[in-house]
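Contents: one structure, followed by commentary.
Residue numbers (my numbering), protein chains in the order written: chain A, 1 to 311; chain B, 312 to 676.
Have a look at this one:
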C-alpha cells in the first residue's frame with residue numbers, strides 16, 4: 001500500500017439487479033500518479049469511476065479521496081476534483097467561452113483562468129463558436145478544459161478520447177502529458193485503447209466483469225508471471241491435433257474460432273518456431289499470416305480473458 | 312446564479328422558433344379569436360329548409376319576401392338558398408341562410424355540423440328539428456320563430472339593453488385567460504422540457520459534479536422563466552390594449568401578485584414533472600397530460616360553467632383556473648389585492664410544495 005495515497009478504494013462492490021458491475025475492487029493511488037483503467041465495454045470501469053466521482057454510491061466497501069469520505073465532505077471534494085464524463089454534450093446555442101464561464105462561476109473563478117484554459121485546450125479560435133458547431137475532438141477538449149478549470153488535485157477522465165480520430169486523440173494526450181509534467185495532479189483515466197494506457201500512464205489496471213485481472217506498470221504486466229513473446233497465425237485444420245501442450249516453451253495457447261487464429265504465448269520465439277513449423281508442415285494443416293512479436297497489452301488481455309479489448 | 316440565469320436567456324433568444332411560439336402565435340390566437348367572436352353575428356346561420364312544393368306557409372313566405380336568392384355549392388351540388396338579413400339597432404346584424412334540400416341531405420348537413428336546425432314547411436305551420444341540448448340550435452329556433460311570427464317586435468323590444476362597453480365583451484373574457492395560459496405553457500414547457508433534455512445529455516450530471524448548489528440550479532430556471540413570462544405577457548397585453556382597447560380595471564399590484572403566484576405554481580409543477588422523467592418523449596407526454604385538461608377545462612376560451620355542476624368545484628381548484636379567474640377578476644371586475652390573496656396564497660403554496668418535493672426526489676443522474 002502506497003504511503004499517503006490520494007485515492008483509496010477498499011473492497012468496492014456495486015450491483016445492478018443480478019449484474020455485478022463492480023465486484024470487490026481494491027486500489028491505492030499515490031499523489032501525482034497517472035493510472036489507467038483498461039478493459040472492454042461492460043468491464044465496470046465507468047461504474048467504478050462514477051463511484052470515485054461521487055455520482056454513484058457503492059453497495060459495499062469504501063472510497064477515500066484525500067483521506068475523506070464523500071459523505072459530509074461533498075463540497076470540499078467537489079472543489080478539488082475535476083471530471084470528464086463519457087459523452088457529455090453541451091447546450092447547443094452557448095459558445096465555448098460561455099460554457100467555460102458557467103463552470104468557472106461554480107468555482108468562483110474569474111475570466112483570467114478562462115483564457116488560460118482556452119489556451120491550454122487550444123480552442124482560442126473557437127471561443128465564440130456555438131458548441132453545436134464544434135467537432136468531436138473540440139468538444140472533448142472543451143470537456144477536458146472544464147475538468148481542469150479548478151486546477152484539480154484529482155482528475156478523473158472517463159474515456160476522454162473515445163470515438164476520436166488519431167490526430168484529435170494525440171492532441172488530448174499532449175494536454176495530459178503537459179499536465180503531468182507541470183502539475184502534481186493525480187489522474188485516473190478509463191480507456192479501452194491499450195496504446196493510450198501505455199503512452200500516458202504510470203500504472204495500468206486491467207479490468208473485466210467487475211474485477212481487477214492484473215495491475216502494475218506496463219513492464220511489470222508484460223513480464224510478471226507471463227511469457228513475453230507471441231507467435232500468431234491463421235490455421236486451416238484442427239488446432240487440437242497440433243499437440244503442442246507438452247512443450248516447456250509454451251505458456252498458453254489461444255484459439256479464436258471466428259478468425260481461425262492461433263495465438264501462442266511462448267518463452268522464446270526462436271525456441272518455439274521450428275517446432276511449430278515442423279508440426280504444421282503436413283497436409284493436414286495450412287498456416288497463413290504468421291506473425292512473431294513481443295507481447296502487448298492486448299495479448300495480455302487475451303491471455304487473461306480469451307477475448308480482445310475491443311470486443 | 313447569475314451565470315445560470317444568463318444561460319437560460321441565451322438559449323431562449325438564440326432559438327429561432329421562439330419568436331413565433333412566444334410572440335407571434337399568442338398574438339395571432341388573440342386576434343383571430345377576438346375578431347371571430349366579436350363578429351359572430353355577421354356570420355351566416357345556416358338552416359335546412361324542406362319546402363312544401365304544393366302549398367306554402369304564408370307567414371314564413373312573408374318573412375322570406377325580401378330575402379336574397381343565391382346558389383351555393385352544398386354537398387357537391389349547386390343548391391338554391393334564401394338569404395335573409397335581420398338588422399336591429401340593439402342586436403346588430405343576423406344573417407339566416409335557408410338551404411332548400413330534402414330530408415336525407417338535411418340530416419347529412421346536420422351530422423357534419425354545417426347546420427344546427429332543419430325546418431319543414433307545412434301549409435299551416437313550420438316544424439323545427441334540432442338537438443334540444445345544442446345551445447346554438449335553441450338560439451336559432453328562438454330567433455327564427457320570434458322573427459317569423461312577430462317580425463321585428465322582439466328584436467327592438469325596449470326590454471333589451473345591449474352591453475357592449477369594455478369589460479363585457481368576449482375579448483375581455485379571453486385576454487386574461489390567454490395571459491394565464493401563456494404563463495403555464497411558458498413555464499411547464501420551458502422548465503420541464505429543458506431539465507429533461509439536460510439530464511438526457513448528461514449535462515446535468517456534469518454540473519452536479521461541481522460545487523454548484525442544486526437548489527440554485529433549479530431556482531435559476533424559475534427566475535429566468537419568470538422574466539421571460541413577464542415579457543411575453545407584456546407583449547400580448549400591449550397588443551390587446553392597442554387593438555382591442557383592453558384596459559385594467561383593478562389594481563396593478565393585484566395583477567402582479569397573482570401573476571407571480573401562478574408562475575411559482577407552474578414552476579414548482581414543472582420541476583416535479585421533470586424530477587424522475589427518463590427522457591424527453593415521456594416528458595412530452597407527461598406535460599401534455601397536465602396541460603391539456605387545464606387548457607380545455609379552465610375557462611380560458613369559454614366559461615367552465617358550461618360543464619356539469621359536479622365538475623365545477625374540481626375545475627375551480629385547478630391552478631390554471633385559479634390564475635385565470637383571478638387575472639380576469641382584476642382586469643374586468645376591478646379586483647384588488649384582497650380579492651386575489653386567497654388564490655395567490657394557494658398557488659404559491661402549491662408551487663413551493665411541488666418544488667420541495669421535486670428537489671427531494673430529483674434524479675440528477
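Beta carbons: idealized from backbone N, C-alpha and C, even for Gly.
Assigned exposure category for residue i - 16 Cβ within 10 Å defines buried
i, result
"residue 330(B)", "exposed"
"residue 616(B)", "exposed"
"residue 297(A)", "buried"
"residue 357(B)", "buried"
"residue 317(A)", "A question about residue 317(A) goes unanswered here, because the residues of chain A that appear run from 1 up to 311."
"residue 319(B)", "buried"
"residue 408(B)", "buried"
"residue 424(B)", "exposed"
"residue 673(B)", "buried"
"residue 518(B)", "buried"
"residue 625(B)", "exposed"
"residue 193(A)", "buried"
"residue 160(A)", "buried"
"residue 58(A)", "buried"
"residue 656(B)", "exposed"
"residue 365(B)", "exposed"
"residue 181(A)", "exposed"
"residue 124(A)", "exposed"
"residue 414(B)", "exposed"
"residue 166(A)", "exposed"
"residue 553(B)", "exposed"
"residue 140(A)", "buried"
Cβ-Cβ separation, residue j to residue i (assumed contact under 8 Å), whole Å
i, j, result
"residue 528(B)", "residue 315(B)", "6 Å"
"residue 136(A)", "residue 164(A)", "6 Å"
"residue 191(A)", "residue 38(A)", "6 Å"
"residue 274(A)", "residue 255(A)", "With 8 Å as the limit, residue 274(A) and residue 255(A) do not qualify as a contact, their Cβ atoms being about 21 Å apart."
"residue 578(B)", "residue 539(B)", "At roughly 12 Å, the Cβ-Cβ gap does not stay under 8 Å, so residue 578(B) and residue 539(B) are not in contact."
7 Å Cβ cut-off: residues of chain B touching residue i
i, result
"residue 103(A)", "521"
"residue 33(A)", "Correct list: empty, because the minimum Cβ distance to chain B is about 22 Å."
Residues that residue i contacts on chain B, provided the C-beta gap is smaller than 8 Å
i, result
"residue 107(A)", "521, 522"
"residue 78(A)", "520, 521, 522"
"residue 83(A)", "517, 520"
Beta carbon of residue i nearer than 8 Å to that of residue j
i, j, result
"residue 172(A)", "residue 120(A)", "no"
"residue 375(B)", "residue 395(B)", "yes"
"residue 200(A)", "residue 189(A)", "yes"
"residue 368(B)", "residue 433(B)", "yes"
"residue 580(B)", "residue 631(B)", "no"
"residue 532(B)", "residue 507(B)", "no"
"residue 565(B)", "residue 647(B)", "yes"
"residue 242(A)", "residue 250(A)", "no"
"residue 155(A)", "residue 131(A)", "no"
"residue 9(A)", "residue 83(A)", "no"
"residue 635(B)", "residue 609(B)", "yes"
"residue 419(B)", "residue 448(B)", "no"
"residue 361(B)", "residue 431(B)", "yes"
Neighbouring residues, chain B, relative to residue i (Cβ below 9 Å)
i, result
"residue 88(A)", "512, 513, 514, 516, 517"
"residue 111(A)", "Those do not exist, as residue 111(A) stays about 12 Å from chain B at its closest Cβ, beyond 9 Å."
Neighbouring residues, chain A, relative to residue i (Cβ below 8 Å)
i, result
"residue 318(B)", "91, 94, 98, 102"
"residue 673(B)", "Going along chain A, no residue has its Cβ under 8 Å from residue 673(B), so there is no contact; the nearest lies around 14 Å."
Through-space distance from residue j to residue i, alpha-carbon basis
i, j, result
"residue 286(A)", "residue 6(A)", "54 Å"
"residue 53(A)", "residue 542(B)", "41 Å"
"residue 607(B)", "residue 492(B)", "11 Å"
"residue 144(A)", "residue 90(A)", "13 Å"
"residue 2(A)", "residue 676(B)", "Because the pLDDT at residue 2(A) is just 47, under 50, the model does not fix this residue reliably, and the value given afterwards should be weighed accordingly. Using only the alpha carbons, I get a separation of about 33 Å."
"residue 14(A)", "residue 207(A)", "14 Å"
"residue 487(B)", "residue 642(B)", "7 Å"
"residue 664(B)", "residue 670(B)", "10 Å"
"residue 68(A)", "residue 20(A)", "26 Å"
"residue 308(A)", "residue 220(A)", "20 Å"
"residue 222(A)", "residue 158(A)", "24 Å"
"residue 490(B)", "residue 340(B)", "12 Å"
"residue 129(A)", "residue 142(A)", "12 Å"
"residue 371(B)", "residue 445(B)", "24 Å"
Beta-carbon neighbours of residue i, restricted to chain A and to distances below 7 Å
i, result
"residue 592(B)", "What residue 592(B) touches in chain A: nothing, since even the nearest Cβ is about 17 Å away."
"residue 676(B)", "55"
Contacts that residue i makes with chain A (C-beta to C-beta distance below 9 Å)
i, result
"residue 587(B)", "Within 9 Å Cβ-Cβ: nothing; residue 587(B) doesn't reach chain A, min ~17 Å."
"residue 536(B)", "Those do not exist, as residue 536(B) stays about 16 Å from chain A at its closest Cβ, beyond 9 Å."
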